[in-house]
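These notes concern the structure reproduced below.
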Amino acid sequence: MDYYQIVVLALIQGVTEFLPVSSSAHLILPAYLSDWPDQGLSFDVAVHAGTLSAVLIYFRDDLKKFMEAAVEYWTDRRFNEHANLLSKLILATAPIVTVGYFLQPIIEHEFRSLTVIALATIGFGLLLGVADRCSQNRSELTSLRYVDALFIGAMQVLALIPGTSRSGITITAALLLGLNRVHAA
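Residues in the sequence shown are numbered from 2 upward in steps of one, following our numbering.
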């Protein structure tokens with residue numbers, strides 16, 4: 002892989018990660034549309050780690066509040082709003098980390114096809130549209146229960162399929178739970 006390909010793929014990742022489209026699928030497509038080799042799952046994970054770093058820097062103030070809440074809980078057993086949300090974020094993240102770890106070989110070899118990408122993009126795009134139209138849009142993030150966080154996390158596992166947007170599927174799950182659009186995003 003040359004530097005030009007790395008820069009193009011990094012730009013694709015940066016542009017698509019925060020939209021309800023699959024950045025993973027968009028990283029796979031250039032290999033099909035050009036003579037580039039498929040860069041593989043390891044490269045995809047690396048550019049996602051870069052995105053995570055940018056997100057952590059951007060949300061550093063919120064991250065600091067979460068860490069302070071965790072320390073406060075561990076030292077004083079006080080469970081404030083930030084500790085509550087942090088515990089739900091951890092719960093919602095557990096399914097994708099667990100499933101991703103065990104299914105990594107399948108994801109890397111079986112799911113990186115145009116057919117899978119096309120079917121997932123269309124199917125989950127339609128599901129997001131239905132969820133948006135049917136959602137009651139009345140709840141806020143503070144009303145989220147632990148079972149809701151686990152449901153969102155379980156739905157997020159579907160984002161391991163290229164063509165399924167992680168943000169799109171979590172927004173879909175949150176809308177299905179009745180969260181309003183702002184809090185679903």
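Heads up, the beta-carbon is just placed ideally off N, CA and C, and yes, glycines get one too. Please read these numbers as outputs of a predicted model, since none were measured by experiment.
In this structure, L86 lies away from L178, with their beta-carbon atoms at least 9 Å apart. Burial is judged here by how many other beta carbons sit within 10 angstroms of a residue's own beta carbon; G130 has fewer than 16 and is exposed. Leaving aside the five residues that flank V117 on each side, the residues in its chain whose CB is nearer than 7 Å to its CB run, in chain order, I162, P163 and G164. Counting only runs of 4 or more residues that sit fully inside the stretch 7–33, no alpha helix (DSSP H) segment turns up. Uninterrupted alpha helix (DSSP H) stretches at least 4 residues long and entirely within the stretch 56–82 occur at 61–77, given in chain order.
Cβ atoms of A160 and I97 come within 8 Å of each other, at about 7 Å. At the C-beta level, T173 and L128 come within 9 Å of one another.
Shown here, S168 sits in a helix according to DSSP, grouped into three states. Taking a C-beta distance under 9 Å as the contact criterion, G169 and S23 qualify as a contact pair.
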